[in-house]
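Chemist: The structure that follows is given in the form of structure tokens.
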Amino acid sequence: MSVSEKEVEAIVRQILGQLGGTPAAENAAAKQYSGSASVNCSSGAVMPKTAHVAVLVEKERFEVKEYPIPPVGDDDILVRVEGCGVCGTDAHEFKRDPFGLIPVALGHEGTGEIVQMGKNVKKDSAGKDLHVGDKVVTCMIFHDDPEITMFDLNKQNVGGADVYGLLPDDEVHLNGWFSDYIFIRKGSTVFNVSDLDLDSRILIEPAAVLVHAVERAKTTGILKFNSRVCVQGCGPIGLLCIAVLRTMGIEHITAVDGNAQRLAFAGRLGAEQTVNFGDYQGIEALTKAVYDSFGGHLADFAFQCTGNPKAHANIYKFIRNGGGLCELGFFVNGGDATINPHFDLCSKEINLVGSWVYTLRDYGTTFDFLRRAKAIGLPVTELITHRFPLAQINEALQTNLSMKGLKIAIVN
Ligand SMILES: NC(=O)c1ccc[n+]([C@@H]2O[C@H](COP(=O)([O-])OP(=O)(O)OC[C@H]3O[C@@H](n4cnc5c(N)ncnc54)[C@H](O)[C@@H]3O)[C@@H](O)[C@H]2O)c1
Ligand SMILES: [Zn+2]
């Protein structure tokens, strides 16, 4: 940063002073102001002097605020935001502020185009060249330790320079992807993903969760090309799980959910069979349906992709003796599950792995997954069912909370 905090504060005050007191007046005047202010950026394109940032100012209320775009230092990157997915984490923060971040600029599943960058910025975190005009994403994980997981990160300071969309507000303000410009600072994890379309780029972050889960599953040595795999839960996480498995060549996939529409989409993403638990009374009948779906076999491997403890308890029944299970459905505490350790785990010799978020290495694999999924015709980007402009950020979050659709995105 080449401008001091005080200077930026003074500029912000001056602008806000010009804009008037009430939020409504601020927004109306902000639009007027941005129209009249422009400078040339390093690419020669005309750029506004200010950015619009959706700031969560209180629970369940974003305000789109206008801030000056700080001068881009030698190590900084200024990105024009094209879109950003709404994550469950954003919804948690919107509803309850569990991280105590308000006021905060949210949005971490974002992507956009570099419009300006400092002279020291040459490569992305994977060593790929970076130029003005390239499309990029950031990643929550620190670039200097590619093996670090979210689990390790939690023991450190999670609010590091990388976690755009969860950073506390500061003098830069352009800290989240629910905005029209984001200011990427030195030391951030950033990837050049220019070859991916906008919708695929918006899905990178959630897809990385599944790439990681499959990597965890592979450590059991059980997941093979010809494995029979059960995926329980067909929200965005389970559906992406099916797409990752199908893209890597696994064909015998049975999806389990209670929602017929989601199960139909699971079929289009690569599930060979679907089981609607609403059609069966009791765990024996449901287990029989899964068994029948594999032509008279239990699953070799299962992925648990619901946040329902009952579903965790159920899934052991669907797995053969000596089979494997990856539990990834509990990003947050969903309560306790009751299993019978003798029948469900020991005597079946189940190989159980847990999975949480991803490592930096999973990001590269995720880009490959999205390219390959598109190449084999999987409609992965149809996961984005709702698109809202930035001005309708509150509606977007409410849509997410009301469980309508699958992936909700802000698209500029
Ligand atoms: N491991 C991670 O890093 C990670 C990352 C993100 C999300 N998650 C977790 O993954 C879970 C799924 O996320 P999502 O966005 O797909 O959620 P979602 O709520 O959209 O989907 C869950 C699906 O599970 C189905 N379901 C509920 N109970 C079921 C049951 N008993 N049997 C079968 N299906 C059942 C629902 O009908 C729904 O379609 C969430 O609980 C989330 O916390 C984990
Ligand atoms: Zn997320």
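Going by our numbering, the sequence shown opens with residue 4, and the numbers climb by one from there.
Note that the Cβ used here is the ideal one computed from N, Cα and C, for glycine as well.
Within 6 Å: the Cβ of C90 and any heavy atom of ligand 2?
Modeler: In the sequence shown, counting from the first residue as 1, residue 90 sits at position 87. True, at least one ligand heavy atom lies under 6 Å from that Cβ.
Chemist: Would you tell me roughly how many angstroms separate the C-alpha atoms of N160 and E63, rounded to the nearest one?
Modeler: Counting from 1 along the sequence shown, the entry for residue 160 is found at position 157. Counting from 1 along the sequence shown, the entry for residue 63 is found at position 60. A caution first: N160 carries a pLDDT of 37, below 50, which makes its placement in the model unreliable, though a value can still be read off. Distance between the alpha carbons of N160 and E63: 26 Å.
Chemist: Between G261 and V335, what straight-line distance do the alpha-carbon atoms span, to the nearest angstrom?
Modeler: Position 258 of the sequence shown, counted from the first residue, corresponds to residue 261. Position 332 of the sequence shown, counted from the first residue, corresponds to residue 335. The straight-line gap from Cα to Cα measures roughly 22 Å.
Chemist: Give the DSSP-derived three-state secondary structure of L348 in the structure shown.
Modeler: Taking the first residue of the sequence shown as position 1, residue 348 is located at position 345. Of the three classes helix, strand and coil, the one that applies to L348 here is helix, per DSSP.
Chemist: What did DSSP end up calling G38 once you bin it into helix, strand or coil?
Modeler: Residue mapping note: residue 38 aligns to position 35 of the sequence shown, counting from 1. Because the pLDDT at G38 is just 33, under 50, the model does not fix this residue reliably, and the point stays unresolved.
Chemist: For S230, name the three-state secondary structure that DSSP assigns.
Modeler: Here residue 230 refers to the residue found at position 227 of the sequence shown. Looking at S230 - three-state DSSP - the assignment turns out to be coil, as it is neither helix nor strand.
Chemist: Buried or exposed: where does L156 fall if 16 or more other Cβ atoms within 10 Å of its Cβ makes it buried?
Modeler: Along the sequence shown, one-based indexing puts residue 156 at 153. In this prediction, L156 scores a pLDDT of 49, lower than 50, which makes its location untrustworthy; the coordinate-derived value is nonetheless stated afterwards. By the 10 Å Cβ count, L156 comes out buried.
Chemist: How about the segment 112 to 124 and the segment 222 to 236: do they share at least three Cβ pairs that are nearer than 8 Å?
Modeler: No, the segment 112 to 124 does not touch the segment 222 to 236.
Chemist: Please determine whether the Cβ atom of Q119 lies at a distance below 6 Å from any heavy atom of ligand 1.
Modeler: In the sequence shown, residue 119 corresponds to position 116, counting from 1. Incorrect: Q119 has no Cβ contact closer than 6 Å to ligand 1.
Chemist: Find out if the Cβ-Cβ distance for the pair F391, A399 is shorter than 7 Å.
Modeler: Residue mapping note: residue 391 aligns to position 388 of the sequence shown, counting from 1. Residue mapping note: residue 399 aligns to position 396 of the sequence shown, counting from 1. Yes, the pair counts as a contact, with Cβ atoms nearer than the cut-off.
Chemist: Between which two residues does the alpha helix (DSSP H) holding Y70 run?
Modeler: Here the question's residue 70 lines up with position 67 in the sequence shown. Careful: Y70 lies outside any alpha helix (DSSP H), inside the beta strand (DSSP E) at R64 to P71.
Chemist: Please report the Cβ distance between R204 and V196, rounded to the nearest whole angstrom; I am assuming they are in contact, meaning their Cβ atoms lie under 8 Å.
Modeler: Within the sequence shown, numbered from 1, the residue matching residue 204 stands at position 201. Within the sequence shown, numbered from 1, the residue matching residue 196 stands at position 193. Yes, they are in contact, since the Cβ atoms of R204 and V196 sit about 6 Å apart, within 8 Å.
Chemist: Taking the C-alpha atoms as reference points, what is the distance between F297 and L404?
Modeler: On the sequence shown, position 294 is the one that residue 297 refers to. On the sequence shown, position 401 is the one that residue 404 refers to. Cα-Cα distance, rounded: 35 Å.
Chemist: Who pairs with N2 in a beta bridge, going by DSSP?
Modeler: Because the chain in this structure spans residues 4 to 415, residue 2 falls outside the shown range and cannot be described.
Chemist: Under the three-state reduction of DSSP, which class applies to S405: helix, strand or coil?
Modeler: Taking the first residue of the sequence shown as position 1, residue 405 is located at position 402. The answer is coil: DSSP assigns S405 none of H, G, I, E or B.
Chemist: So the alpha helix (DSSP H) H95 belongs to, where does it begin and stop?
Modeler: Position 92 of the sequence shown, counting from 1, holds the residue named residue 95. Start and end: G91 to R99.
Chemist: Using CA coordinates, which residue listed in V278, D339, K291 and F321 is at the minimum distance from N419?
Modeler: Because the chain in this structure spans residues 4 to 415, residue 419 falls outside the shown range and cannot be described.
Chemist: Secondary structure at Y319, three-state DSSP: helix, strand or coil?
Modeler: The residue labelled residue 319 in the question sits at position 316 within the sequence shown. Three-state result, Y319: helix.
Chemist: How about D260: is its Cβ closer than 6 Å to a heavy atom in ligand 1?
Modeler: Position 257 of the sequence shown holds residue 260. The answer is yes for D260.
Chemist: Roughly how far, in whole angstroms, is the beta-carbon of L199 from the beta-carbon of F370, given that I think they are within contact range, below 8 Å?
Modeler: Here the question's residue 199 lines up with position 196 in the sequence shown. Here the question's residue 370 lines up with position 367 in the sequence shown. Between F370 and L199 the Cβ distance is about 7 Å, and since that is below 8 Å, they are a contact.
Chemist: How is the alpha helix (DSSP H) around G367 delimited, first residue to last?
Modeler: The residue given as residue 367 occupies position 364 in the sequence shown. Per DSSP, G367 belongs to the alpha helix (DSSP H) from L363 to A378.
Chemist: According to DSSP, what are the bridge partners of C87?
Modeler: Your numbering for residue 87 matches position 84 in the sequence shown. G113 and I413, per the DSSP bridge assignment.
Chemist: Between G86 and V383, which are expected to be in contact by the criterion C-beta below 8 Å, what is the C-beta distance as a whole number of angstroms?
Modeler: Here the question's residue 86 lines up with position 83 in the sequence shown. Here the question's residue 383 lines up with position 380 in the sequence shown. Contact doesn't hold; Cβ gap of about 15 Å is too wide.
Chemist: Helix or strand or just coil, what does DSSP make of S296?
Modeler: Residue numbering aside, residue 296 sits at position 293 when the sequence shown is read from its first letter. Helix at S296.
Chemist: Under 8 Å by Cβ, that's how I've got F186 and P73 pegged, so tell me the actual separation to the nearest angstrom.
Modeler: Reading the sequence shown from its first residue, position 183 is the one you call residue 186. Reading the sequence shown from its first residue, position 70 is the one you call residue 73. Yes, F186 and P73 are in contact; Cβ-Cβ is about 6 Å, under 8 Å.
Chemist: F333 and C244: beta carbons closer than 7 Å?
Modeler: Taking the first residue of the sequence shown as position 1, residue 333 is located at position 330. Taking the first residue of the sequence shown as position 1, residue 244 is located at position 241. No, they are not a contact pair.
Chemist: I need the DSSP call for P312, collapsed to helix, strand or coil.
Modeler: For the purposes of this step, residue 312 is taken as residue 309 along the sequence shown, with counting starting at 1. The answer is helix: DSSP assigns P312 an H, G or I state.
Chemist: If you compare alpha carbons, which of V75, G88 and E61 is closest to H389?
Modeler: Translated into the one-based positions of the sequence shown, residue 389 becomes position 386. Minimum Cα distance to H389 is reached at G88.
Chemist: Please find out if some non-hydrogen atom of ligand 2 comes closer than 6 Å to the beta-carbon of E208.
Modeler: As a position in the sequence shown, residue 208 is number 205, starting the count at 1. True, at least one ligand heavy atom lies under 6 Å from that Cβ.
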